[in-house]
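These notes concern the structure reproduced below.
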Amino acid sequence: MVKLEEKKTDGGKLGNDRKNRPVEQESNRSTPSKDIEQSKKIFRLFDYVQFHVDSIKTENNEVLQRNKKYSLPGEKFKMTFKLSKCDIKLVRTLMNCHGFTQCSTKRLDVNFIWTAGPYKLQHMRMLKPWQRLNQFPRSLELTRKDKMCDNIARMQRMFPKNYNFIPEFYVLPRDAEKFRLCTEEMQANGSGDAQDKLFIVKPCNSSRGQGIFFASQYSDVPPDSPLLVSRYLSHPYLIDGHKFDLRIYVAVTSFYPLVTYVFYDGLTRLASAKYDPSSSHRDEFVHLTNYSINKNNKQFIRNESMATEDLGHKWTLGAFLRYMEREGKDPKLLMLRIEDVIIKSLLSVQGKIASICRTALPYPGTNFELFGFDILVDQNLKPWLLEVNLSSSMACDAPLDSLVKSQLMADLLNLACIPLIDRKITEKIGVQTLPANVEDNFSDIERTPEREIEIPVDDGQTIKINRPIGVRRIVKGKRNGKIPIRISDSALELKIEGVMRKVKFEKERKGNFIRIFPRPYSFDLYEKVMEGIDKHALDERLFLEEFGESKSPVEESLEDLAIKYHHAILHADQFPTFDSLPSSLRKIIDSWYAEAAHYVERITKEGEIYAAKLPIIRATARLRTRSCSDWYDLRRATILAKKNAKDAGGQDANKENSLPHAATANVPLDKIDSSASAQPAADSKI
């Protein structure tokens, strides 16, 4: 029997026989079969890792040791993760507290991968069914500003009455002539509000407010640069006189069929100066709401306390919705309108992303993604989509950030359904990766009917575990000991079966996420505004499997109700409250409206104590491979050496090149790109 308690030193702290190398002690394990059986007895039969915010327990803002209640499964099953093109403290903290070992970015066979930039397609093709990656291929179709606008504009041309939620835009240099004619026409008219003639200009592939400026005439914009020029929304809804935007966190676990969730809380980011339509458009603190810009204003007020969610220039989403409610507005209907914007935005790219998923992803369920939707609300309470962020920032600069994002990340990782499966087990399970050109990304591989699979371990012993989604027991064929791959009519049924199982697990593990598609009547209302790219009707099949065939609760047909729905949802000026909607429509979306009440709830609870910031993970509570630890040590030494050189009087910059990995020395620890030149060497096996 494996003891759960670690031996303690006389000082009461955990003993550290690894001598600042926490990973190496893992070699002193008991037999794998006993470890697995022990963790099963204590934690019940684990299928997927369960993440908890409570795992981040601190003493004076330090995690001195891992809580075995949360970390034992990850440690005993030797779970691993890596960070690519980022070094996000929140992800590292949660993974460390759940017993995951951080590996080199060059290592491919890790259980979990978090990337903050485009992930190579050839690496996605190599994903095994027990691996998880926080990105879909081709998601830049949604997160790159010009592509997002082009995709939604294409849907506007197909469905002119249903996709009007982005401002008028021009993509330069392609639309330079159109933009010139537009500005000349405005100048010729000569009348109207000056703010209505203003455009906001953004680089197509930037973030954090970088490179933004305003323009009112063609000569203000360099026509040959890759820029997105959008009509400025000059009549925003205000909070105590301040312009603001909303950051909505959206999780997608499948594009084929579409399965998407919205986190019940988000962030409200206020401009640090009061809005004045007559003020100069050069005053970015009035017209821009980006946190990275406004935090530099002397008038910017930070919310440094968890006692209130509506203090300073950054609020929670719920705090804004409660403010609306006090103003006599309908916050739940606003959230239904925001959900509509999210669903239609995802539908605009579904075809492009689904097509590459079918050919590039060998197994369903390996990929998921968190998007940050930036929404501006106008004076009529109509939401407008500003942009969608790839790998939304997980930086925790304020107590509210820590509270919202730590719960968000824990729930997101649970939604990802990371299989709790030992490395030795994955080596025993034969997994056949399908060719990239196999249609529908599925094969008629012979399967066992049982939900459990029996795995051989050391000394001739075997154990049974519940088969994680996508993991198949290998059955040898007649030729070369390989499974024959062939497509049959049952491929679609197998895919639906796999997706339905995963959706079922997600429903049990979604935490504070609200699933907005599919849900009751969703397919009936959105079927006519979809591109029709789903030749196998997976969206419809998934909907029917979960909800059955819909029947109209009123005399009107569902087709007529769908027309009413899209008209009402896009015309906030005509339908400002839920009661102002047609009664037949209210019966259809009544359950949606009731569920939207979760957005209005407080995230803080009376009597609870919350950490003001993320804790420091001490070496005794950290798990890293040797090469990963060496890389972090080298990076710290590089940064310290450069700092000392600068303090000594600013030596010649050329001398800095002699420092190891000097290219990253001027980058803060939490902003380092760990996938660039400063890569740790490939790991040895754990």
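427 is the number that the working numbering gives to position 90 of the sequence shown; each next residue is one higher, with no gaps. For each residue, glycine too, the CB sits at the ideal point set by N, CA and C. Keep in mind that this is a model prediction, so the values were computed, not measured.
- Taking a contact to require three or more Cβ pairs closer than 8 Å, the region 467 to 484 and the region 712 to 729 qualify as touching.
- Bounds of the beta strand (DSSP E) holding residue 589 are 581 to 592.
- Close CB contacts of residue 742 within its chain, under the 7 Å cut and outside five residues either way in sequence, are with 427, 731 and 733 (chain order).
- Per the coordinates, the alpha-carbon of residue 416 lies some 15 Å from the alpha-carbon of residue 405.
- Distance from the CA of residue 496 to the CA of residue 683, rounded to the nearest whole angstrom, comes to 15 Å.
- Closest in alpha carbon position to residue 654, among 963, 939, 961 and 965, is 939.
- Following the DSSP letters along the chain, one finds residue 713 inside the beta strand (DSSP E) bounded by residues 706 to 714.
- The three-state reading of DSSP puts residue 640 in coil, since its state is none of H, G, I, E or B.
- Around residue 729, the same chain offers 584, 586, 707, 708 and 709 as residues with beta carbons nearer than 8 Å, after the five sequence neighbours per side are excluded.
- Exposure of residue 572 is indicated by the presence of fewer than 16 other C-beta atoms within 10 angstroms of its C-beta.
- Residue 408 places its beta carbon less than 7 Å from that of residue 436.
- Bounds of any alpha helix (DSSP H) do not take in residue 852; it lies within the beta strand (DSSP E) bounded by 850 to 854.
- Between residue 677 and the set 643, 754, 616 and 500, the nearest pair of CA atoms involves 500.
- A contact is defined here as three or more CB-CB pairs under 8 Å, and the region 548 to 567 meets this definition with respect to the region 507 to 523.
- Looking from the CA of residue 565, the closest CA among 598, 484 and 624 belongs to 484.
- A straight-line Cα-Cα distance of about 29 Å links residue 612 and residue 739.
- In this structure, residue 640 sits away from residue 473, with a CB-CB distance that is not shorter than 7 Å.
- Rounded to whole angstroms, the Cβ separation of residue 462 and residue 691 is 16 Å, and the two are not in contact under 8 Å.
- Assignment of alpha helix (DSSP H) within the region 617 to 684, counting only whole runs of 4 or more residues, yields 621 to 624, 628 to 631 and 654 to 663 in chain order.
- A direct Cα-to-Cα measurement between residue 882 and residue 536 gives close to 47 Å.
- Assignment of beta strand (DSSP E) within the region 392 to 461, counting only whole runs of 3 or more residues, yields 417 to 421 and 449 to 452 in chain order.
- Residue environment for residue 615: exposed (fewer than 16 other C-beta atoms within 10 angstroms of its C-beta).
- The Cβ atoms of residue 475 and residue 693 lie closer than 7 Å to each other.
- Between residue 385 and residue 757, the C-beta spacing is below 7 Å.
- Taken through DSSP and simplified to helix, strand or coil, residue 884 comes out as helix.
- Contact between residue 909 and residue 674 holds, since their C-beta atoms are separated by about 7 Å, short of 8 Å.
- Beta-bridge partners of residue 724 (DSSP): 711.
- With a beta-carbon spacing of about 11 Å, residue 918 and residue 898 fall beyond the 8 Å limit used to define contacts.
- Residue 537 is bridged by DSSP to 551 and 567.
- Relative to the Cα of residue 424, the nearest Cα in the group 574, 486, 633 and 442 belongs to 442.
- In the same chain as residue 634, and ignoring 5 residues on each side of it, the C-beta atoms closer than 6 Å to its own belong to 609 and 622, in chain order.
- By the Cβ neighbour-count rule, residue 896 is exposed, with fewer than 16 other Cβ atoms within 10 Å of its own.
- Each residue's CA atom was taken as its position, placing residue 927 and residue 884 some 16 Å apart.
- The beta carbons of residue 890 and residue 853 sit about 20 Å from each other, so the pair does not count as a contact at 8 Å.
- Bounds of any alpha helix (DSSP H) do not take in residue 607; it lies within the beta strand (DSSP E) bounded by 604 to 607.
- For residue 597, the enclosing beta strand (DSSP E) starts and ends at 595 to 600.
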